[in-house]
Every structure is written in C-alpha cells, then in structure tokens.
Amino acid sequence: MRFETKAVHEGVAIDSSYNSVITPIYPTSTFAFDEIGKNRGYDYTRSGNPTRAALARNIAALEGGTDAWITCTGMAAETSVLFLFKQGDHLITGNDIYGGTYRLLISAFSQFGLECSFVDMQEPAQVEKAIRPNTKGIWIETPSNPLLNIVDIAAVTEIARKHNLITICDNTFLSPYFQRPFEFGVDIVVHSTTKYLNGHSDVVGGAVVVRSPEHAEKVGFYVNCLGTAGSPFDAWLVLRGVKTLPQRMEAHQKGAMAIAHHLHAHPLVKQVYYPGLKNHPRHELAQRQMYGFGGMVSCELDTDKVDPVVFFNHVKLMSLAESLGGVETLIEQPWTMSHASMPEEARITAGITPGTVRISVGIEHPDDLIADLEQALEQARL
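Residue 195 is where the sequence shown starts when you use the numbering used here, and the numbers rise one by one after that.
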C-alpha cells in the first residue's frame, strides 16, 4: 500500500464482533481470563491494549519498522529508550536539540551515570571525534529544534555501525510522511505523537518504533516496567488524526514555504531557517534524505530594528504557545519557552538568542499568516 492508504487503513480492522469502520476504544483497565493461563491476547492495559496496539501497528507501518510502542508523552518515549543504556555508558547527541531532551539527559539520566557529549552533528567528523571507549549510542534530531539544522543520517549511522553503536532518531519535526530514518540505517525512531501524527493539539503522547527483535524485546519490557504506556483514548485520538497526516503535511509545507520566502526578504529579519530555501546550507542534503521540507520555520529577528517581546505580544492569528504540529499556527520564543530549560551558555552555543522565532505553520491560508506577521513586526519596529 502507498503511504496515504496505510495512514487510513493500518491498524484499523480489529473489531471482529461488529466490523466497525473506526477502531473501537477499549477503556478497560483489565481483561478477564477464559481460564488460568489463557486469555484473548491482553491481560492488563499497562501491558497491552487493543486500541493502543492498533496505533502501534499503524505508526510502525508508516515508519517502516517492525514493532512500535505508544507512550503517554514524547518524553516518556525518550525515557523508555534511554533505559537501554546503563551506568557508565556514553551518548553522543547534538548541541542544538530540543530543550526537554537536553534537560532529560543532563538533569535526570546524568544522576544514573549516563554521560553525554553535545556536538555539532552537522559535521559527521565531530560525531566520530566524540566517540569514547564507553560510547554506546548516538541520538539524532533532524531537523533540529528550533534552528532546523540537518544531520546527514546515513553518514552518522555508518559511523555508528563501524563502532557498534545504537542510533536513535527523533522524527517528530517531519513525521514519517516527510522522512523515514530506517531507510538510512537508524535503529530506533522516537516521536512526540502530540505533534504532527495527532495534528489537532488535543492530546499528548509518544511513540517508539524499532526494526530489530533485540530492541523490540528490550523497549517493550521498559515501556511495561516503567509504566510509560499511553491511554487507550489518547491512542484513539492519534489514530484518528494520523488518517489525514499526508494531506495536513502538504498544507503545512505550503504555508511554511510561503512564510519562509516572505521572511527571507524582510528588512527586519536577519536570517531564516528553513531547509526548503535554496540558500539553506543543507538544502541539497535535505532533498536527498527527506520527502519534503516540513511545516516548521524559524528566523532571527534583527534586534537592532525590532523589539522581540513587543513582536511576540502582538501576534493575533498565531497563538503564542509551545508545542507544534497542530492545524493552527503556533509561534514561540525558544529562549524563554521551549528551550528555557537549557543553560544560557548552551542556548548561545546552539545559536539560540532572544531574537529567535519558531513558527509551527498550521493549515490556514498563508496570506493571512503573513499578514499577521507583518502587523506584529510593524508594531515592534524600533
């Protein structure tokens, strides 16, 4: 089946009693046994649930993986995967990753003895240089959040294979519609399903997708052991949203491209970060490993000419809010919002400043969104 057909049909046909077209919600905490040692595939919803299993099959099919687990949040997905590592292990990741991931690694897993190096992952040589005798994994985020830097997935996985390292890729920003990391050798893919997979800003959730039996067994154990699995109702909402993922992603991209071009020519904007622009330093790489450029646009305001605080306070159509991937456009200041958990020095090293703007472009008409940006920029002009 082609992608659009998989999005609609994978994981759906599980109701053998009434043949419902839509996957049922099973909001039960437990399942009765037919007799000792014999049940009908499920015993307790933390361990397994038919609605959640339907979504897992759907996302695994879209990503090209063999198994998937649905978690209660994106951070729960990351937490479950990080338990694959043990005390004394070393992990390499980017210096420009999502602030919540940075916090999880530095503030939580460091106390369990997991060591981390943050490098410029746009340069594969920097990744290889950071490898130590105790290095066990590489965490890839591409495009990066919020500056949309592009990591050469194939180059990084080649390095990982040479050194027998696990590779994990956060594919939240593009979804499997625009990028499928398994095609480039990645071992594990994680998602915040809160974002594009659900697409309607009405649920939080996560997913872990694997392609090897070894990782399947371990990740499944930790999701169950840690209790990070998502609720059946939340899984149902994501399964409902994913049916329109292809159509939404095309609309997101159309709006993002229009906004990126407009901001690129704007006198109050110093720089635009969008891999769909031909002047993006990794535009050709993005064309090779991505099926589209996505719906996220970031830019750097010229703070000598515009007051960022006034700008953010005067957007009207766009909601000043964290998160991304919904049908409505969200705008935020990473410096004080999504990446505030990173130390100031780390934010500066990553290239984030108070003038950095991150836009999750919705499916509204691009002209209306551009008009909103224009009026806010004029209000903020110094």
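Even glycine gets a Cβ: it sits at the ideal position worked out from N, Cα and C.
Just so it is clear, the structure is predicted and the values come from calculations on it, not from any experiment.
Beta-carbon separation of D237 and F225 under 9 Å?
-> Here residue 237 is taken as the residue at index 43 of the sequence shown, counted from 1. Here residue 225 is taken as the residue at index 31 of the sequence shown, counted from 1. The answer is yes: Cβ separation under 9 Å.
Would you kindly check if the distance between the Cβ of E352 and the Cβ of G379 is under 9 Å?
-> For the purposes of this step, residue 379 is taken as residue 185 along the sequence shown, with counting starting at 1. For the purposes of this step, residue 352 is taken as residue 158 along the sequence shown, with counting starting at 1. Yes. Within cutoff.
Could you tell me which of W263, S425, D228 sits nearest to P221, measuring between CA atoms?
-> Start at 1 with the first residue of the sequence shown, and residue 221 comes out as number 27. Answer by Cα proximity: S425.
Anyone know if the C-beta pair for D314 and D290 falls short of 9 Å?
-> In the sequence shown, residue 314 corresponds to position 120, counting from 1. In the sequence shown, residue 290 corresponds to position 96, counting from 1. When the beta-carbon positions are compared, D314 and D290 come within less than 9 Å of each other.
Buried or exposed: where does H357 fall if 16 or more other Cβ atoms within 10 Å of its Cβ makes it buried?
-> Along the sequence shown, read from residue 1 onward, the residue named residue 357 stands at position 163. Here H357 is exposed. Its C-beta has fewer than 16 other C-beta atoms within 10 Å.
Beta carbon of T366, beta carbon of K389: below 9 Å?
-> To locate residue 366, count along the sequence shown from 1; it is residue 172. To locate residue 389, count along the sequence shown from 1; it is residue 195. Yes, the pair counts as a contact, with Cβ atoms nearer than the cut-off.
Buried or exposed by the 16-neighbour rule on C-beta atoms within 10 Å, applied to F312 | Counted from its first residue, the sequence shown places residue 312 at position 118. Classified as buried, F312 has 16 or more neighbouring CB atoms from the shown chains inside 10 Å of its CB.
What did DSSP end up calling C419 once you bin it into helix, strand or coil?
-> For the purposes of this step, residue 419 is taken as the residue at position 225 of the sequence shown. Look at C419 here: in three-state DSSP terms it is helix.
With I362 as the anchor, note down where its beta strand (DSSP E) starts and where it stops.
-> Start at 1 with the first residue of the sequence shown, and residue 362 comes out as number 168. DSSP places I362 in the uninterrupted beta strand (DSSP E) bounded by 360-364.
Per DSSP, cross-strand counterpart(s) of E309 | For the purposes of this step, residue 309 is taken as residue 115 along the sequence shown, with counting starting at 1. Its beta-bridge partners are H284.
If I'm right that A401 touches T265 with Cβ under 8 Å, what's the distance once you round it to whole angstroms?
-> Residue mapping note: residue 401 aligns to position 207 of the sequence shown, counting from 1. Residue mapping note: residue 265 aligns to position 71 of the sequence shown, counting from 1. The distance from the Cβ of A401 to that of T265 is about 7 Å, consistent with a contact at the 8 Å cut-off.
Just curious, the alpha helix (DSSP H) that I156 is in, first and last residue?
-> There is no way to answer for residue 156, as the model of the chain reaches only from 195 to 576.
In chain order, what residues of the same chain have a beta carbon less than 6 Å from the beta carbon of N339, not counting five sequence neighbours either side?
-> Numbered from its first residue, the sequence shown carries residue 339 at position 145. Around N339: Y292.
Contact set for G545: own chain, Cβ-Cβ below 8 Å, skip 5 residues either direction = Sequence index remark: in the sequence shown, residue 545 carries index 351 (1-based). Closer than 8 Å at the Cβ level, and outside the excluded window around G545, lie D290, L341.
Alpha carbon to alpha carbon, how far is G399 from G593? Give it in angstroms, no decimals.
-> Shown here, the chain extends from 195 to 576; a query on residue 593 therefore has no answer.
Taking the continuous alpha helix (DSSP H) assigned at A446, which residues delimit it?
-> Indexing the sequence shown from 1 puts residue 446 at position 252. At residue 446 the sequence reads His, which differs from the Ala that was named. H446 -> alpha helix (DSSP H) spans 439-458.
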